[in-house]
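Position one of the sequence shown corresponds to residue 1 (the UniProt record's numbering), numbered consecutively onward.
Glycine included, C-beta positions come from ideal geometry on N, C-alpha and C.
First comes the structure, then the notes that go with it.
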Amino acid sequence: MQKPEIRVATFAGPGAAPEIRTVPWPAVPRRAALIKIGACGVCGTDQHILKGHWPKPLPWPFTLGHEIGGVIVEKGDDFTADFMDKPLAVGSKVMIPPLMPCGHCYYCVHYPEQANKCLTPVYYGRYLGFDKAPHLWGGFAEYVYVDLDMLPGTKVYKLPDDMNLRLGALAEPLTSCIRAFNRAVKAGGFRWGDTVVIQGSGPIGILAVAAAQEMGAGRVVCVGAPEEPRLALARRFGAEATVDISAVTTPEARIARVREIVGGFGADLVMDCSGHPSAGPEGIEFLRDGGTYVEMGQFTDAGSIETSWHRICAKDLTVLGSWAFTGNDLPLGVDMLYRARAKYPWLEMQTLYPFTRDGVSAAVADAMAMRTVKSTIVPFPDLVA
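Here you go:
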């Protein structure tokens, strides 16, 4: 029986519309697998790439999408376990991350906790061009292909059997938040009961609101926009208060409002999830003296801003950057989602779009316009019902 062709979306460059292409069903050798995609989120990084903000060369045309939850439909005999040695079979639910450290470069070997800075990582949805057979290298598609011989740094993570694949698609962005908080924990800048302010009410900001609480925050405040759907959802996720930057329009007024909410001398920890370069100078003024500022939102180069580092010195602050995650961080995101699957309205973050040219275009456009919290492309609705 002849197997069907597979549809995949590609983009020719920044500002381009998606093109739906068809490719043959691939042969699946002994250490490879074909994964049917249940859900793939539109990440802020995808948006920045399409705006031309990515600072490194990209292999246009290629397939975007790296927040993938799917199910194995075909695998080779030696593709038997995930990165954590959990057994895999046809029918196993899995997620695959975008950044997969190689395991053997200088950073992976000598600084494993900074393996996120791997010198030769595997990147799905970014650095694998469409021209590379079998052409299934991103999440804006019906299937994604993994091959441990072709790309030895590839990592696959098994999801619980009863976990909705839409939750699986949130595991990668949530893991980025968890690692950022763990960076603060390691630096002595985040303790149980601390007051946390999250800058940004997009998907990373909303997930950070949940992660902060699960990791011990006593109070969480979210600063962002718009009220609908984002700030309203932040409160449903447990933010005790929100500050709408479209209503409170100056930094001085927002600083006063946040300090009024948190009381005392300011927040213990502020985390930027906004991706806007103006967040930093404002956010450090939300902090008490001796507090901790975590920058995880400037994942692409959105530009510089004039600021005074005197404030960092004078306030005796700890300032940390956090870039993505390592291979060992991903299970933390999967576990948190599964453990707290009934505690937060995770699925309400997601607005679903069909895998069509118009559907992919609308998912990206609505994310850019902040009409959604997490635009999510769903090629096979029955997989996530």
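As summarised for the UniProt domain "Alcohol dehydrogenase-like C-terminal" (203–335), the continuous alpha helix (DSSP H) elements at least 4 residues long and confined to that stretch are 203–214, 232–236, 251–262, 279–283 and 310–314, given in chain order. With contacts defined as CB atoms closer than 8 Å, residue 255 and residue 282 qualify as a contacting pair. Within the segment 110–177, the complete beta strand (DSSP E) runs of at least 3 residues fall at 143–147. With a beta-carbon spacing of about 20 Å, residue 292 and residue 332 fall beyond the 8 Å limit used to define contacts. Pairwise C-beta distances place the segment 120–137 in contact with the segment 63–79, as three or more of them are shorter than 8 Å. Taking residue 329 as the centre and dropping the five residues before and after it, the same chain places the C-beta of 175 and 179 closer than 6 Å to its C-beta, in chain order.
For residue 40, DSSP records a beta bridge to 68 and 377. Between residue 188 and residue 269, the C-beta gap is not smaller than 8 Å, which leaves the two residues out of contact. Counting only the Cα atoms, residue 154 lies some 6 Å from residue 100.
Under the three-pair Cβ rule at 8 Å, the segment 213–223 does not count as touching the segment 305–314. Residue pairing by DSSP places residue 195 opposite 219 in a beta bridge. Per the coordinates, the alpha-carbon of residue 37 lies some 10 Å from the alpha-carbon of residue 145. Under the DSSP assignment, residue 1 falls outside any alpha helix (DSSP H); it carries neither an H nor an E label.
Secondary structure of residue 343 (DSSP, three-state): coil. With a 10 Å radius around the Cβ and a threshold of 16 neighbouring Cβ atoms, residue 114 comes out exposed. Around the beta carbon of residue 339, fewer than 16 other beta carbons lie within 10 angstroms, which makes this residue exposed.
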